[in-house]
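One structure is given here, and the rest of the page talks about it.
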Amino acid sequence: MRYLYFPGCTLSTKAKGFAASGEASARALGIDLVELSQWNCCGATFPLATDNLLALVAPTRILLNAQKEGNHLVALCSICYHVLKRTNRLLREETDKREKLNLFIEEEYRGEVRVFHLLELLREEIGFEELSERVQKRLQGLRVAPYYGCLLLRPFQEIGLDDPEEPRILDDLLASLGCEVVEFSHKTECCGSYLAMNSSEVTRELSYAILHSALASGAQAVVTSCPLCHFNLDYRQGEMAAHYPGFTQIPVLYFTQLLGLALGIESETFGLADHHVDPRPLLASKGLK
Amino acid sequence: MEISETVVRVDPSFLQEVNQRSGQLIQLCYHCHKCTAGCPVAFAMDYGPDRVLRMIQFGLKEQVLGSSAIWICASCETCGTRCPNEIDIARIMDALRQITVEEGLPTKERNVLLFHKLFLSIVKRLGRMHEASLMALYMPLSRNLFSYIPIGVKMIVKGKIPLLPHRIKGSDEVKKIFERSG
Chain A
1 MRYLYFPGCT LSTKAKGFAA SGEASARALG IDLVELSQWN CCGATFPLAT
51 DNLLALVAPT RILLNAQKEG NHLVALCSIC YHVLKRTNRL LREETDKREK
101 LNLFIEEEYR GEVRVFHLLE LLREEIGFEE LSERVQKRLQ GLRVAPYYGC
151 LLLRPFQEIG LDDPEEPRIL DDLLASLGCE VVEFSHKTEC CGSYLAMNSS
201 EVTRELSYAI LHSALASGAQ AVVTSCPLCH FNLDYRQGEM AAHYPGFTQI
251 PVLYFTQLLG LALGIESETF GLADHHVDPR PLLASKGLK
Chain B
1001 MEISETVVRV DPSFLQEVNQ RSGQLIQLCY HCHKCTAGCP VAFAMDYGPD
1051 RVLRMIQFGL KEQVLGSSAI WICASCETCG TRCPNEIDIA RIMDALRQIT
1101 VEEGLPTKER NVLLFHKLFL SIVKRLGRMH EASLMALYMP LSRNLFSYIP
1151 IGVKMIVKGK IPLLPHRIKG SDEVKKIFER SG
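Going down the list, the sequences are from chains A and B. Numbering-wise, the first sequence is residues 1 to 289 according to the numbering used here. Numbering-wise, the second sequence is residues 1001 to 1182 according to the numbering used here.
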């Protein structure tokens, strides 16, 4: 199966291992992710005020380029997925805004492309039962906390990927790989997002609460699909250790890194060494690397 | 009678203005506080989301637009997901930020706006985001020169932040879009 793929800026820089492990895992499952031949930044925020159409130009341009090359567009980054999916819905359903945007970009796009998250493709095109059978190396004994965050789930009316309060998709994926999946209280709480830049103490507090709840439920690693959550949860652990007495560091992984390991793919390009909290000792202790 | 400087100015058209720009009906809020109870950043705000809605209902435009709450909102959409009256409060917060910027009013959290502006200036030039350039501009302008250096250095050493930017095919087209938008 061939799918058009939008990596986004962060997967080309900060989260190269996310991209590499996602692309290699998809390939191993017969999903050929073909990068869009031309793409720009999605803007990283979906504009919420009704009259801010300008911020929709960037994602519209991406969707329009996708339409010229196919009918599906797959994203891995939760932020890109969120922005592209909401923009696409708006272009399909809100005629007056679509007309204005089409006039501005001087091309015609009506929201025909279907936007997917890789998690969605795994659930719908492969199926988690089938995936479980394709696993080469079961991630036995690895206790993981599936962290969803905000943008993958909310607002449900527009994203529609999973239940916004009790999501399952990441839980089910990880269970199919053989992980022991823990329930923890903060799986859909916000990590503080880009407040990291302005109010780093707010982000530290929120991210700490998430990690703390994962640790309290016995998790050995936290799993995410968002590079910004990854930054806040992983790279801030140095500060957390200094700020919260008794805090134990915990590795934060992208779901694709575990998927790739379970599929028996060579993990050299997965960026496991780039993390602030090195996940390799934990993985090695479970016979994985 | 002399009017004191602390007089409360009420703008009766403010509610309508925010309703229109957010696409929401703020009158529907009956202040159950469910939004504020679930808001992960309420602890860092001067007014929780339900109080912001009440202040809009009262027409307290200056206080609302001068609040930190509208900039601390991370648009996580927890409030909108749970509101019994289906008010999408994140849309209201974004509309409030936009009115503040358009009217040139002082912003309580100037660095949030600075960050958004720098982000766009880089996309304008390159077509994509380049974190090293963003941080090189943000650190001095936000007067946070040193706080990001330890994490930044570690990320550069680990190869997570390329020092040289990548310019996309069609970056001229992106630049033109920015110029046409004024």
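Backbone N, C-alpha and C fix where the C-beta goes; we use that ideal spot for every residue, glycine too.
query	result
Within 10 angstroms of its Cβ, does A/Asp-172 collect 16 or more other Cβ (buried), or is it exposed?	buried
A/Arg-86 by DSSP, collapsed to three states: which one?	helix
What would DSSP say about B/Thr-1036, mapped onto helix, strand or coil?	helix
Where do the ends of the beta strand (DSSP E) carrying B/Pro-1140 lie?	Counting along the chain, B/Pro-1140 falls outside any beta strand (DSSP E), though it belongs to the alpha helix (DSSP H) covering 1131-1141.
Buried or exposed: B/Pro-1012, going by 16 or more other Cβ atoms within 10 Å of its Cβ?	exposed
Beta carbons nearer than 8 Å to chain A: which residues of the segment 1149-1168 of chain B have them?	Pro-1150, Ile-1151, Lys-1154, Met-1155, Lys-1158, Gly-1159, Lys-1160, Ile-1161, Pro-1162, His-1166, Ile-1168
Can you find the residues in the same chain that come closer than 6 Å, C-beta to C-beta, to A/Arg-138, ignoring five residues on each side of it along the sequence?	Gly-178
Of all Cβ atoms in chain B, is any one closer than 8 Å to the Cβ of A/Thr-95?	no
Using the beta-carbon of each residue, which ones in chain B are nearer than 7 Å to A/Asp-274?	Lys-1158, Gly-1159, Lys-1160
In terms of residue numbering, what span does the alpha helix (DSSP H) encompassing B/Ala-1090 cover?	1089-1102
Under the rule that 16 or more other beta-carbon atoms within 10 Å means buried, what is A/Gln-257, buried or exposed?	buried
Can you grab the Cα-Cα spacing for the pair A/Asp-162 / A/Phe-156, in whole Å?	8 Å
Comparing alpha-carbon positions, which option in A/Glu-99, A/Arg-92, A/Gly-8, A/Thr-45 lies nearest A/Ile-62?	A/Gly-8
Decide yes or no for the touch test of the segment 72-79 of chain A against the segment 220-235 of chain A: beta carbon pairs closer than 8 Å, at least 3 of them.	yes
Report the CB separation of A/Thr-290 from A/Val-252 in whole angstroms; it is logged as a contact under 8 Å.	This structure cannot settle anything about residue 290 of chain A, because the visible part of chain A is limited to 1 through 289.
Which first and last residues belong to the alpha helix (DSSP H) in which A/Glu-205 is found?	200-216
Assuming A/Glu-183 and A/Ser-217 make a contact with CB atoms under 8 Å, what is their CB distance in whole Å?	6 Å
Can a CB atom of chain A be found closer than 8 Å to the CB of B/Phe-1058?	no
Using DSSP with H/G/I as helix, E/B as strand and the rest coil, what is A/Val-34?	strand
Would you mind reading off the limits of the alpha helix (DSSP H) that contains A/Ala-58?	57-69
May I have the straight-line CA-CA distance separating B/Cys-1073 from A/Lys-16, to the nearest angstrom?	29 Å
According to the neighbour-count rule (16 or more other Cβ atoms, all chains shown, within 10 Å of its Cβ), is A/Lys-68 buried or exposed?	exposed
Please compile the residues from chain C whose C-beta is within a distance smaller than 9 Å of the C-beta of A/Pro-155.	The structure shown contains no chain C; its protein chains are A and B.
Any C-beta of chain B sitting closer than 8 Å to the C-beta of A/Gln-220?	no
Could you check whether A/Thr-203 and A/Ala-196 sit closer than 8 Å to each other, using their CB atoms as the reference points?	yes
Please confirm whether A/Thr-50 has its beta-carbon closer than 8 Å to some beta-carbon of chain B.	yes
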